[in-house]
DNA sequence: CTTGACCTTGCCATCGTGGCAACCTTTAGC
DNA sequence: GCTAAAGGTTGCCACGATGGCAAGGTCAAG
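Chains as they are written, first to last, in UniProt numbering: chain E, 1 to 150; chain Z, 1 to 150.
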């Protein structure tokens, strides 16, 4: 069974509201590479293909990609984003589940922030104590090299 | 040329101030795995071996391992630690080089902290606006799913 | 001599992303 | 219609720091 229009389907798709991966990348700010990656993670349901095997994306797919991008920019892991996407697409979700997930993420952020602030404060103190000239003496190295550390 | 004491060398080494990898790990809090890894990165100069191919570590090696561990706990990358170790072991170093390295690291920490605080603040706001009950409505998902985002 | 603890090397996995290679398809210019 | 450029396809390797596992060698105690 031969098609009357050999390989035109790509043009068809693009002119009827669909986008190829480059257009999707530009429209969402997600690189083509990562779009394929998210598909492989199962975050984009059943991506359609043209006759010539090009991926085509609907506006809904772009919406999902922006969702992922926004989730990443808020520091969510791919696993968390997967869960959030599931909730987003489930009209019978309970908002408390979303909030729990976000609250847990805030806790993780707070822990990391506190850890890094501790590093920064220690380093700031050490840098302040280092005269920083041509001489070798340096409290920073003394801290790092102090033996037992305990 | 045969040795008079066949494979005793390991015991010899351990009884003359040297440590095998397990002892070094326990003494420094660095896992045996990571000790080998740091060696492969060239951070531990020429690690000695016993006749039976066991690594043996001097007190100086343990000192280096503690230096690395402390550097990691301050958030330095392995590359930065490599540089710091070089300065530490160079008696003709200039303290300004050490301070520059540390100051740059503080800037990176500050940037990451600011980024994560931004995430946390946004999320805290969203979580505060989410009633978090059995209903599906949720400002968190609305933020993630808001189309153009812009 | 056996057993268990500990050492050796080497490979795979994580997580999110980038890069490259080899090859196929579409598009634009001539 | 041919050709070249642009852009799509898959697949593999890399990062950074760490963990895990497997297969084998070694050591110390019973």
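We put the CB at the ideal spot given by N, CA and C, even for glycine.
The model shown is predicted, which means the values in this text are computed figures rather than measured ones.
Strictly by DSSP, which residues pair up with residue i?
i, result
"residue 39 of chain E", "In DSSP, residue 39 of chain E forms no bridge with anything."
"residue 56 of chain Z", "Z/48"
"residue 19 of chain E", "E/57"
So the alpha helix (DSSP H) residue i belongs to, where does it begin and stop?
i, result
"residue 139 of chain E", "139 to 145"
"residue 86 of chain E", "78 to 88"
"residue 95 of chain E", "95 to 129"
"residue 65 of chain E", "59 to 73"
"residue 50 of chain Z", "Per DSSP, residue 50 of chain Z belongs to no alpha helix (DSSP H) and is neither H nor E."
"residue 31 of chain Z", "Counting along the chain, residue 31 of chain Z falls outside any alpha helix (DSSP H), and DSSP gives it neither H nor E."
Around the C-beta of residue i, are 16 or more other C-beta atoms found within 10 angstroms, so that it is buried, or is it exposed?
i, result
"residue 95 of chain E", "buried"
"residue 121 of chain E", "exposed"
"residue 66 of chain E", "buried"
"residue 190 of chain Z", "Beyond the ends of chain Z as shown, which are 1 and 150, falls residue 190 of chain Z; an answer cannot be given."
"residue 145 of chain E", "buried"
"residue 102 of chain Z", "buried"
Quick one: Cα of residue i to Cα of residue j, how far?
i, j, result
"residue 60 of chain E", "residue 18 of chain E", "10 Å"
"residue 80 of chain Z", "residue 55 of chain Z", "26 Å"
"residue 126 of chain E", "residue 139 of chain E", "6 Å"
"residue 91 of chain E", "residue 132 of chain Z", "15 Å"
"residue 97 of chain Z", "residue 106 of chain E", "37 Å"
"residue 143 of chain Z", "residue 74 of chain Z", "35 Å"
"residue 43 of chain E", "residue 110 of chain Z", "33 Å"
"residue 136 of chain E", "residue 82 of chain Z", "17 Å"
"residue 85 of chain Z", "residue 112 of chain Z", "25 Å"
"residue 20 of chain E", "residue 29 of chain E", "14 Å"
"residue 45 of chain E", "residue 70 of chain E", "19 Å"
Who are the near neighbours of residue i in its chain, counting only those whose CB is closer than 8 Å to its CB and skipping five residues on each side?
i, result
"residue 22 of chain E", "32"
Identify, in the order they occur along the chain, each residue of the same chain with its Cβ nearer than 6 Å to the Cβ of residue i, setting aside the five sequence neighbours on each side.
i, result
"residue 129 of chain Z", "139"
"residue 27 of chain E", "62"
Is residue i near the ligand GTP, judged by its Cβ being under 7 Å from some heavy atom?
i, result
"residue 134 of chain E", "No copy of the ligand GTP appears in this structure; indeed no ligand is present at all."
Leaving out five residues before and five after residue i in sequence, what residues of the same chain have Cβ atoms less than 7 Å from its Cβ?
i, result
"residue 88 of chain E", "67"
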